[in-house]
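Comments concern the structure below.
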Amino acid sequence: MTTPAPAAARKYDLAFAKWVYQNVNGGDKLSLCMQCGACSGSCPIGVQMDHGPRKLFMMIRAGMKEEVLSANTQWNCTSCYRCVVRCPRGVPVTYILQDLAAKSVEFGYAKGRHENKNFAQSFWWSAKSFGRTDERLMTMRYFFSLGLGEGYKRTMANLKIALGMVKAGRMHVGLPHRIKGRKGLQAILAKAREIEARHGSAGE
Amino acid sequence: MSDKKTMTYYPGCSSLGSGRHLDESLRAIMPEVGVALDDIEDWNCCGASVGHIGGGQLPNLALTGRNLAKAQQKGTRDVVTGCAACYLNTHGGAEKIKADVKKRAAINEALDAGGLSYTAELKVRHACEVLVNDVGLEAIEARVANPLTGLKVAGYVGCQTVRPFAGTAAGGDYDCYDDPTFLDDFTRACGAEAVPFAHKTACCGGSVAVMSPERTLHLMKAILEEATKAGADVISTPCPLCQTNVEMYQPAINEKFGTNYNIPVVFYSQLMAVAFGMDGVKDAALHRNTIRSEKLEAMAKGGGKA
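Chain order of the listed sequences is A and B.
Count along the first sequence from 1, add 28, and you get the number used in the numbering used here.
Count along the second sequence from 1, add 1233, and you get the number used in the numbering used here.
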């Protein structure tokens, strides 16, 4: 005799999938996913992820908001775009993961001394302040954002690389490389932020 | 190669730091094959692969918006860049702004705050695509005065130079995603030997390798292992981040895996500069590689010592 099917243990929150479709860059194409797994199979460090992209997308459909936004999947994406070119359904997988990362930060799921979050924030600090990436200052800011001890440890671990780069003329000593139009750039970025707050970020 | 042309050049941030040798060698070789480069005035960062996390999607796109607005001041010439991330963001951003009227309006509203506007529909191209489609292999080969005979080269394409745009019409349809041939074609045009290299489009770890090497050292190790097995004297790449990662982490890889890698990683444009008979330092910038190739330097005019 067949055992009777169990009652659903929990309710899925379908509103989350809809929210992703509407608010995450590329999310409008997520409903095309047919769960073939070409993305996860193509991923260079998929095995290091809590869940590969295929599974993460199913979890989105299952309404598993907490698990999705706190997964390390979006933080291990190296932006190699192999999943994007291989997806037979045209789902922009990398773009979706990249924006899920931004959403994880926005809604407080990437807390404290978080490598990817801190790296991204150090990067943006340089882009916004100088108009350019100053590889030295951005890296130092990132290292020390992880704590004084960690900052010292990483600085020491990378000292030899840094000295080699200085010797080869690939790391300069002196003031950061800055654009002339910093004020104009900062006004542009502030305005863009304001427009995004007005309209939301989906489809950017 | 038909007539000489001028393109608007976007060097990108690495051109002032870790990728100086890409910028210097590109500036040397491009005019030699008929493409003059004219820099975007006061260009800014492209946002790379993490800008949207710190800044937001629209502000990140506004970085590209400003570069395009500044490029437009140079006329409607094509924009060219040698950096994979700059290409990815600037080409992708330009196409998005072209296709989406709302996006175009939003970007222009933001640009207006800085006294700029973008009304053109500029084409943003990768230097490799320009070399394939506009210059052509025959013209490159014809310019070679100092063939790199006997140099074995593993062509490491990496990711963003070909993905996701190389096979699209807007991206110039110049090669495929998984087994591109352009880099080996460049190697052979220079008179060197392109060794079979299965990891040509494997990922080095990109910015994840920069922020936490521990997560990605094994990816770079696989690339080095394959290049060694293939008997390569040097690895050649078009990507500034691939070049830096795969070069600078070799000691860390050796320490972690008990290996003994010390393979030079150079840009295709450095190989071309040497093969064109140009100066090993001033044009090929061989002195900027932290792992030097004695074999390549011996072939270069004036050697590679600064």
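Note that beta-carbon positions come from the ideal geometry of N, C-alpha and C, so glycine has one too.
For the region 92-124 of chain A, list every residue whose C-beta sits within 9 Å of some C-beta in chain B, in sequence order.
Listed by position along the chain: W103, N104, C105, T106, S107, C108, Y109, R110, V112, V113, R114, P120 and T122.
For chain B, find out if any of its Cβ atoms is closer than 8 Å to the Cβ of I199 (chain A); answer yes or no.
On the first sequence, residue 199 (chain A) is found 171 positions in, with the first residue counted as 1. Note that residue 199 (chain A) corresponds to Met in the displayed sequence, not to Ile. Interface residue, yes.
Pick from A:Y109, A:L58 and A:E94: whose alpha carbon is nearest that of G1438 (chain B)?
Reading the second sequence from its first residue, position 205 is the one you call residue 1438 (chain B). Distance check between G1438 (chain B) and each of A:Y109, A:L58 and A:E94 places A:Y109 closest, using alpha-carbon atoms only.
Are any of the Cβ atoms in chain A nearer than 8 Å to that of R1299 (chain B)?
Along the second sequence, read from residue 1 onward, the residue named residue 1299 (chain B) stands at position 66. At least one chain A Cβ lies under 8 Å of R1299 (chain B).
Which two residues bound the contiguous beta strand (DSSP E) that contains D162 (chain A)?
For the purposes of this step, residue 162 (chain A) is identified with residue 134 of the first sequence, where counting begins at 1. The continuous stretches of beta strand (DSSP E) do not include D162 (chain A), and DSSP gives it neither H nor E.
So which residues on chain B does Y180 (chain A) lean against when the C-beta distance must stay under 8 Å?
As a first step, residue 180 (chain A) is located in the first sequence; it is residue number 152 there, counting from the start. By Cβ distance, chain B contributes nothing, its closest Cβ being about 17 Å from Y180 (chain A), past 8 Å.
Could you have a look at E134 (chain A) and say whether DSSP puts it in helix, strand or coil?
Residue numbering aside, residue 134 (chain A) sits at position 106 when the first sequence is read from its first letter. Three-state DSSP puts E134 (chain A) in a helix.
Alpha carbon to alpha carbon, what distance is there between E1374 (chain B) and G231 (chain A)?
Counting from one through the first sequence, the residue named residue 231 (chain A) turns up at place 203. Counting from one through the second sequence, the residue named residue 1374 (chain B) turns up at place 141. Bear in mind that the predicted position of G231 (chain A) carries a pLDDT of just 44, short of 50, making it unreliable; the figure below should be weighed with that in mind. Going by the C-alpha atoms only, they are around 44 Å apart.
Tell me, please, which residues DSSP counts as bridged to E1426 (chain B).
As a working mapping, residue 1426 (chain B) is identified with position 193 in the second sequence. In DSSP, E1426 (chain B) forms a bridge with B:K1385.
Under three-state DSSP, which class holds K1254 (chain B)?
As a working mapping, residue 1254 (chain B) is identified with position 21 in the second sequence. Per the sequence presented here, residue 1254 (chain B) reads as His, with Lys not at that position. Helix, per DSSP.
In the region 29-71 of chain A, which residue ranges form an unbroken alpha helix (DSSP H) of at least 4 residues, counting only runs that do not cross its ends?
Counting whole runs of 4 or more residues, the region 29-71 of chain A contains the alpha helix (DSSP H) stretches 42-51 and 66-70.
Under DSSP, the beta strand (DSSP E) around S1469 (chain B) begins and ends at which residues?
Residue 1469 (chain B) sits at position 236 when you count from the first residue of the second sequence. For S1469 (chain B), the enclosing beta strand (DSSP E) begins and ends at V1467 to T1470.
Which residues, taken in chain order from the region 127-138 of chain A, show a beta carbon closer than 8 Å to some beta carbon of chain B?
From the region 127-138 of chain A, only D127, A129, A130 and V133 have a Cβ closer than 8 Å to chain B.
DSSP on H200 (chain A), reduced to helix/strand/coil?
To locate residue 200 (chain A), count along the first sequence from 1; it is residue 172. In the structure shown, H200 (chain A) sits in coil (DSSP, three-state: anything other than H, G, I, E or B).
Please report the straight-line C-alpha distance between D127 (chain A) and K219 (chain A), rounded to a whole angstrom.
For the purposes of this step, residue 127 (chain A) is identified with residue 99 of the first sequence, where counting begins at 1. For the purposes of this step, residue 219 (chain A) is identified with residue 191 of the first sequence, where counting begins at 1. Take the alpha-carbon of D127 (chain A) and the one of K219 (chain A): they are about 20 Å apart.
Determine which residues share a DSSP beta bridge with K1534 (chain B) and list them.
Taking the first residue of the second sequence as position 1, residue 1534 (chain B) is located at position 301. B:D1512, per the DSSP bridge assignment.
Exposed or buried, L203 (chain A), counting other C-beta atoms within 10 Å across all chains shown (16 or more means buried)?
On the first sequence, position 175 is the one that residue 203 (chain A) refers to. Answer is exposed; the Cβ neighbour count stays below 16.
Who does M1444 (chain B) pair with in a DSSP beta bridge?
Sequence index remark: in the second sequence, residue 1444 (chain B) carries index 211 (1-based). DSSP, once it has assigned bridges, lists no residue as partnering M1444 (chain B).
Which residues bound the beta strand (DSSP E) around Y1242 (chain B)?
By 1-based counting over the second sequence, the position of residue 1242 (chain B) is 9. Where Y1242 (chain B) is concerned, the enclosing beta strand (DSSP E) stretches over K1238 to Y1242.
Return the residues of the region 1507-1523 of chain B that lie within a Cβ-Cβ distance of less than 8 Å from chain A, sorted by chain order.
Going along the region 1507-1523 of chain B in chain order, one finds H1520, R1521, N1522 and T1523 with a Cβ nearer than 8 Å to chain A.
Short CB-CB distance (under 8 Å) between Q149 (chain A) and chain B
Taking the first sequence and counting its residues from 1, the one referred to as residue 149 (chain A) is at position 121. Taking Cβ atoms only, chain B reaches closer than 8 Å to Q149 (chain A), which makes this a yes.
Using a 10 Å radius around the Cβ and a threshold of 16 neighbouring Cβ atoms, would you call M62 (chain A) buried or exposed?
Position 34 of the first sequence, counting from 1, holds the residue named residue 62 (chain A). A residue is called buried when at least 16 other Cβ atoms come within 10 angstroms of its Cβ; M62 (chain A) does not meet this threshold and is exposed.
Return the chain-ordered list of same chain residues with a C-beta closer than 7 Å to the C-beta of D162 (chain A), the five sequence neighbours on each side being excluded.
Within the first sequence, the letter at position 134 stands for residue 162 (chain A). Correct list, in chain order: S154, P204 and H205.
Stretch-stretch touch, CB-based, cutoff 8 Å, three pairs: the region 1312-1332 of chain B with the region 169-185 of chain A:
Output reads no: the region 169-185 of chain A does not touch the region 1312-1332 of chain B.
Three-state secondary structure (DSSP) at V113 (chain A)?
Counting from 1 along the first sequence, the entry for residue 113 (chain A) is found at position 85. In this structure, V113 (chain A) counts as helix in the three-state DSSP scheme.
Quick one, which of A:R160, A:I207 and A:E222 has its alpha-carbon nearest D1275 (chain B)'s?
By one-based count along the second sequence, residue 1275 (chain B) stands at place 42. Comparing Cα positions, the closest option is A:I207.
Name the residue from B:T1449, B:H1285 and B:L1259 whose alpha carbon lies nearest to the alpha carbon of S1248 (chain B).
Against the second sequence, residue 1248 (chain B) aligns to sequence position 15. B:L1259 is the residue among B:T1449, B:H1285 and B:L1259 whose C-alpha sits nearest the C-alpha of S1248 (chain B).
Quick one: give me the first and last residue of the alpha helix (DSSP H) that F1490 (chain B) is part of.
The residue labelled residue 1490 (chain B) in the question sits at position 257 within the second sequence. Note, F1490 (chain B): alpha helix (DSSP H), Q1483 to F1490.
Rounded C-alpha distance that separates D1408 (chain B) from C1278 (chain B)
Looking up residue 1408 (chain B) in the second sequence gives position 175. Looking up residue 1278 (chain B) in the second sequence gives position 45. Roughly 27 Å separates the two Cα atoms.
From what residue to what residue does the alpha helix (DSSP H) around V194 (chain A) run?
What you label residue 194 (chain A) is simply residue 166 of the first sequence in a count that begins at 1. Note, V194 (chain A): alpha helix (DSSP H), L176 to K195.
Is there a Cβ of chain B sitting closer than 8 Å to that of Q76 (chain A), yes or no?
The residue you call residue 76 (chain A) lines up with position 48 of the first sequence. For Q76 (chain A), the answer is yes, since a Cβ of chain B falls inside 8 Å of its Cβ.
Against S1253 (chain B), what residues of chain A qualify as contacts under a CB-to-CB distance less than 7 Å, listed in chain order?
As a working note, residue 1253 (chain B) is residue 20 in the second sequence. Sequence inspection shows Arg at residue 1253 (chain B); the Ser mentioned does not correspond to that position. Those are G197 and R198, listed as they occur along chain A.
Distance, C71 (chain A) Cα to Y1389 (chain B) Cα:
Here residue 1389 (chain B) refers to the residue found at position 156 when the second sequence is read from its first residue. Here residue 71 (chain A) refers to the residue found at position 43 when the first sequence is read from its first residue. Going from the Cα of Y1389 (chain B) to the Cα of C71 (chain A) covers about 18 Å.
Proximity of V1386 (chain B) and A1427 (chain B) at Cβ, strictly below 8 Å
Taking the second sequence and counting its residues from 1, one reaches residue 1386 (chain B) at position 153. Taking the second sequence and counting its residues from 1, one reaches residue 1427 (chain B) at position 194. With respect to A1427 (chain B), V1386 (chain B) sits close: the two C-beta atoms are nearer than 8 Å.
Which residues, in chain order, does the region 1280-1313 of chain B contribute to contact with chain A at a C-beta distance below 8 Å?
Taking 8 Å as the Cβ-Cβ cut-off, the region 1280-1313 of chain B approaches chain A at G1280, A1281, S1282, V1283, G1284, H1285, I1286, G1287, G1288, G1289, Q1290, L1291, P1292, N1293, L1294, A1295, L1296, G1298 and R1299, given in chain order.
Under 9 Å Cβ-Cβ, which residues of chain A neighbour V1377 (chain B)?
Taking the first residue of the second sequence as position 1, residue 1377 (chain B) is located at position 144. Neighbours of V1377 (chain B) in chain A, taken as residues at a C-beta separation under 9 Å, are lacking, since the least C-beta distance is about 26 Å.
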